[in-house]
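Worksheet: the structure to be examined is printed underneath.
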Ligand SMILES: [Fe+2]
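Structure, rendered in structure tokens:
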């Protein structure tokens, strides 16, 4: 179901209630024109010389993608209306103050060119929250701002936001701060399926709270206009730690976290950062002393930990349903259970639990057990045999 912007309430109140807001015509044409030139210059030929409507997912590739540090695009943070919006949401214009914008210019160019192969969808897709496979901050320290640089069309590669989903997600996270997306969410749980597509003109701005469900659609628009936008994170200097709905001085960004009642959690940031560090400790290739077990544990493109593994003579597998709880990584796989009848024994579904040794970061131990017999768990002792130091995004991990 398509959601209509409620024009009876101010944009600030729209952000609080619905988790997002739209402000039209906030950025000068001079800026959007210069930004488009800069983006075009970053493309490979022939796209660089073609009209935007001839760009496709196949030809619109980057020779050099502009980003933070680019003298033209960085200027978005100096546009007067953009600064006014940031100051209003955070309730202060003091850059670098604890409750104000930190001053960090954080953004990405979002270019979604026409997809000739793809049929136009009949309805919007549900979407996701960011922080996949990670903890979701209850309050966090940033909101999203997307500035459209060129007019778009319906189903034109635009972002779609699920109205009110921030309140539902926060309820889940307040009840259990270890709630993770997608493992702990059931799409049918969502109280709302009201989706708003940000069909925009150059200079229009979308604001989005970090707990909102959203997605980007493919560009299948009849006029083949690409979506070109600056997708900005606007970081506050500090994480919010407390919200009291009765406090009349709350600025709109703070009020957007007050819909579920008063709450205080000074650990929101520590827990979030600690979880990220704990994930990194699992990154690497891990091999048993006898060489019979090998696990390559990594964070994939979706943000979640998973493992490629080889057990005995079985072919390589990818972990099934991996979930990390901050300490232990658990997942399903197939393995031959010892004593199950010689070298040709059939693999059975098993459950693996792995944990890095708290005293020695190069050692990992755990168990593997048949799903039908958890009591028959076998111990696994592993040593780190190769280092992984970044997220892996390829399909050939
Ligand atoms: Fe996202």
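Numbering (this note's numbering), first residue to last: 403 to 799. The C-beta atom is built at its ideal place from N, Cα and C for all residues, glycine as well. Note that the structure is predicted; figures quoted are calculated from it, not measured.
{"Check": "With distances taken Cα to Cα, identify the nearest neighbour of residue 641 among 534, 468, 779, 675.", "Outcome": "675"}
{"Check": "May I ask which residues mark the beginning and end of the beta strand (DSSP E) holding residue 770?", "Outcome": "765–772"}
{"Check": "Comparing C-alpha positions only, which one of 768, 764, 782 sits nearest to residue 788?", "Outcome": "764"}
{"Check": "Using C-beta distances below 6 Å, list every residue in its chain close to residue 694, excluding the 5 sequence neighbours before and after it, in chain order.", "Outcome": "714"}
{"Check": "Taking C-alpha atoms, which residue in 506, 511, 502 lies nearest to residue 467?", "Outcome": "511"}
{"Check": "Figure out for me which residue from 707, 728, 757, 773 has the closest Cα to the Cα of residue 735.", "Outcome": "773"}
{"Check": "Counting C-beta neighbours from all protein chains within 10 Å, is the total for residue 539 16 or more, i.e. buried, or is it exposed?", "Outcome": "buried"}
{"Check": "Between which two residues does the alpha helix (DSSP H) carrying residue 656 extend?", "Outcome": "654–657"}
{"Check": "Heavy atom of ligand 1 less than 6 Å from the Cβ of residue 532, yes or no?", "Outcome": "yes"}
{"Check": "Work out the CA separation of residue 738 and residue 593 for me, nearest whole Å.", "Outcome": "43 Å"}
{"Check": "Which residues in the same chain as residue 545 place their Cβ atom closer than 7 Å to its Cβ, once the five residues preceding and following it in sequence are excluded?", "Outcome": "491, 609, 610, 611, 612, 636, 655"}
{"Check": "For the beta strand (DSSP E) holding residue 734, just list the boundary residues, first then last.", "Outcome": "730–737"}
{"Check": "Below 8 Å CB to CB, which residues in the same chain sit around residue 716 once its five sequence neighbours on both sides are set aside?", "Outcome": "736, 737, 738, 749"}
{"Check": "Nearest to residue 777 by CA position, among 754, 692, 482, is which residue?", "Outcome": "754"}
{"Check": "DSSP on residue 710, reduced to helix/strand/coil?", "Outcome": "strand"}
{"Check": "Between which residues of its own chain and residue 572 is the CB-CB distance below 8 Å, once the five residues before and five after are set aside?", "Outcome": "540, 613, 659, 661, 662"}
{"Check": "Please identify the residue among 607, 484, 521 whose C-alpha is closest to the C-alpha of residue 548.", "Outcome": "607"}
{"Check": "Taking the Cβ atom as the reference point for each residue, do residue 704 and residue 710 lie within a distance shorter than 7 Å?", "Outcome": "no"}
{"Check": "By the 10 Å Cβ neighbour count, where 16 or more other Cβ atoms means buried, how is residue 721 classified, buried or exposed?", "Outcome": "buried"}
{"Check": "Along the chain, where does the beta strand (DSSP E) that runs through residue 686 open and close?", "Outcome": "686–690"}
{"Check": "Where does residue 628 land, buried or exposed, given buried means 16+ other C-beta within 10 angstroms?", "Outcome": "buried"}
{"Check": "Can you look up residue 609 in the DSSP assignment and give me helix, strand or coil?", "Outcome": "strand"}
{"Check": "Would you list the residues sitting across from residue 621 in a DSSP beta bridge?", "Outcome": "516, 558"}
{"Check": "In whole angstroms, give me the CA-to-CA distance for residue 494 and residue 501.", "Outcome": "7 Å"}
{"Check": "Give every residue of the same chain whose Cβ lies closer than 8 Å to the Cβ of residue 795, excluding the five residues on either side of it in the sequence, and list them in chain order.", "Outcome": "702, 703"}
{"Check": "Which residue from 690, 480, 790 puts its Cα closest to that of residue 767?", "Outcome": "690"}
{"Check": "Does the pairing of the region 457–471 with the region 524–531 give three or more beta-carbon distances under 8 Å?", "Outcome": "no"}
{"Check": "Assuming contact is defined by CB atoms lying nearer than 7 Å, are residue 405 and residue 565 in contact in what I supplied?", "Outcome": "yes"}
{"Check": "Out of 422, 412, 410, state which residue places its alpha-carbon closest to the alpha-carbon of residue 600.", "Outcome": "422"}
{"Check": "If we count the other Cβ atoms within 10 Å of its Cβ and call it buried at 16 or more, is residue 727 buried or exposed?", "Outcome": "exposed"}
{"Check": "Which of the three DSSP states is assigned to residue 507 in this structure?", "Outcome": "coil"}
{"Check": "At the level of alpha carbons, what is the spacing between residue 696 and residue 456?", "Outcome": "48 Å"}
{"Check": "My output table needs one value for residue 789: the three-state DSSP class, helix, strand or coil.", "Outcome": "coil"}
{"Check": "Using beta-carbon positions only, say whether residue 550 and residue 437 come within less than 7 Å of one another.", "Outcome": "no"}
{"Check": "Within the region 404–447, note down every full alpha helix (DSSP H) run reaching 4 residues or more, in order along the chain.", "Outcome": "413–420, 431–443"}
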